[in-house]
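Please read the structure below before turning to the comments.
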Amino acid sequence: MKLGLSNSVKQRGGAADWLPTNLSGLQFWYRKNTGILNDSNDPITDTDTVDDWQDQSGNNKHAVGAATKFTFDAASGGVEGAGNNKLDITQLDFAGQFSFWVRLKFDTISSGANDIMFNDAGTLDSGDDFFRLQTTTQLKAKIGGGTAMTWTCSAISTGTYYNIGFERNGSWACNTYIGTAIQDSSTSNANAFNLDRILGAFDGICLEVVVTNAALSTADRSSLDNYLTNI
């Protein structure tokens, strides 16, 4: 039997002591093969349903499996969705700067309201806030209703892991990233992003999620990208 033990992960390459806990304003960090529990609240094993993905930031902002739960993939150490799985968190309202990052791969890519990485799923103004892969060459977000923002991006393929980021800086400029490469042009939006769900309608495997209430510096973005690439 393959076991998914909740132990720390050895980083390969780069600065071995750098972790997302080095980031300013870290809100939550869901880590590969760490703190993932099944329905019995035990350390998870292969193909178990994911009841809880525990926050490694020290803030105790754990993600809880919703009605349709992810399963654990022991080979990768990540959570695996089949298109209608969800992880819910206690709502966070990002009125200013933020950075949302994931390391994941898509098994399928469906145009439209799928492949969601971050969103507001609450009953009040549900659907006003999201960040998702719209097509294989387009990222899309909406904050506070109104017109959605779109960015043309480098082609995303199925079966390949990517580090994908969505950030807003102190000038309200919203940018998307694949690795350290900025995608398309900045778009301004000053509304609050209300976040209470990650990975909705996602078919693939997610290894890590890192969220801060500050935009990243170039150096921190490079460190985070290196860390995620080498987990």
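Numbering follows our numbering, with no gaps: position 228 of the sequence shown is 403. We treat Cβ as the ideally placed atom computed from N, Cα and C, and that holds for glycine. All figures in this text were calculated on a predicted structure; none of them were measured in a lab.
| query | result |
| --- | --- |
| Out of Gln313, Ile284, Leu201, which has the shortest C-alpha to C-alpha gap to Ser232? | Leu201 |
| Kindly list the residues whose CB is nearer than 8 Å to the CB of Gln313, restricted to its own chain and excluding five residues on each side of it in sequence; keep chain order. | Thr325, Trp326, Thr327, Cys328 |
| What do you get for Ala389, buried or exposed, if any count of 16 or more other CB atoms within 10 angstroms of its CB means buried? | buried |
| Once DSSP output is grouped into helix, strand and coil, what is the label at Asp304? | coil |
| So, Asn364 versus Ile291, is the Cβ gap smaller than 7 Å? | no |
| Three or more C-beta pairs closer than 8 Å, one from the stretch 338–358 and one from the stretch 265–275: is that the case here? | yes |
| Within the same chain, show all residues whose beta-carbon is closer than 6 Å to that of Ser398, passing over the 5 residues directly before and after it, in chain order. | Trp193 |
| Could you please give me the residues that DSSP links to Ala316 through a beta bridge? | Phe306, Met324 |
| May I have a chain-ordered list of the beta strand (DSSP E) segments no shorter than 3 residues that lie completely inside the stretch 262–295? | 262–269, 273–281, 291–294 |
| Could you tell me if Ile211 is buried or exposed, where buried requires 16 or more neighbouring beta carbons within 10 angstroms of its beta carbon? | buried |
| Thr387: buried (16+ other C-beta within 10 angstroms of its C-beta) or exposed? | buried |
| Measure the alpha-carbon distance for Asn216 versus Asn294 and round it to whole angstroms. | 26 Å |
| Are three or more beta carbon pairs between the stretch 375–387 and the stretch 351–365 nearer than 8 Å? | no |
| Any beta carbon of chain B sitting closer than 7 Å to that of Ala348? | In summary, chain B is missing from the structure at hand, where a single protein chain is found. |
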